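Enquirer: Final position of the sequence shown in this note's numbering is 106; the numbers increase by one with none missing.
Ideal placement from N, C-alpha and C gives every residue a C-beta, glycine not left out.
Computed from a prediction, not measured in an experiment: that's the story for all the values here.
Pasting a structure below so you can have a look.
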Amino acid sequence: EESGLAMSSRNQYLTEQQRQQAAGLYQTLSSIKQQIEQGERDFLALQQHAKSSLLELGFTPDYVDIRRADSLELATENDKSLRILTASQLGRARLIDNIACNLD
3 EESGLAMSSR NQYLTEQQRQ QAAGLYQTLS SIKQQIEQGE RDFLALQQHA KSSLLELGFT
63 PDYVDIRRAD SLELATENDK SLRILTASQL GRARLIDNIA CNLD
């Protein structure tokens, strides 16, 4: 959607305020992507910071993971094609989103 919220039938479970909050999920993924593109390779720290950010935004994060795009195995600092994934609860909805990060 325009706000950055992933299009999903789950969005019907969100109040108007939660719909506005939900845009923070994509913004959090985008922030991780930007930091990786700028050279950050401490993926564990990025994931932990993202979880903290999501909690502050009112989410209950299930996971925030940085994975290899081709296999979804845990990413290493040498991987060039990544997928940043999250699932987080917001109210009655479990929101799932991901973003590509290509370093080629």
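#1: Are residue 23 and residue 84 close, meaning C-beta to C-beta below 8 Å?
#2: Taking the continuous beta strand (DSSP E) assigned at residue 2, which residues delimit it?
#3: According to the neighbour-count rule (16 or more other Cβ atoms, all chains shown, within 10 Å of its Cβ), is residue 90 buried or exposed?
#4: Just the C-alpha distance for residue 55 and residue 30, rounded to the nearest angstrom, thanks.
#5: Tell me residue 95's beta-bridge partners as DSSP assigns them.
#6: Does the stretch 15 to 22 touch the stretch 36 to 51, meaning 3 or more C-beta pairs lie closer than 8 Å?
#7: Quick check on residue 26: buried or exposed, where buried means 16 or more other Cβ atoms within 10 Å of its Cβ?
#8: Using only alpha-carbon positions, find the residue among 16, 28, 14 and 15 that is nearest to residue 86.
Expert: Concretely, from the data shown:
#1: Start at 1 with the first residue of the sequence shown, and residue 23 comes out as number 21. Start at 1 with the first residue of the sequence shown, and residue 84 comes out as number 82. The answer is no: Cβ separation not under 8 Å.
#2: Outside the displayed range of the chain (3 to 106) lies residue 2, so it cannot be described from this structure.
#3: Here residue 90 refers to the residue found at position 88 when the sequence shown is read from its first residue. Flag for residue 90 reads buried.
#4: Within the sequence shown, residue 55 is the residue found at index 53, counting from 1. Within the sequence shown, residue 30 is the residue found at index 28, counting from 1. Each residue's Cα considered, the two are about 7 Å apart.
#5: The sequence position of residue 95 within the sequence shown is 93, counting from 1. Answer by DSSP bridge pairing, in chain order: 92.
#6: no
#7: The residue labelled residue 26 in the question sits at position 24 within the sequence shown. By the neighbour-count rule (16 or more Cβ atoms within 10 Å), residue 26 is buried.
#8: Here the question's residue 86 lines up with position 84 in the sequence shown. Nearest C-alpha to residue 86: 28.
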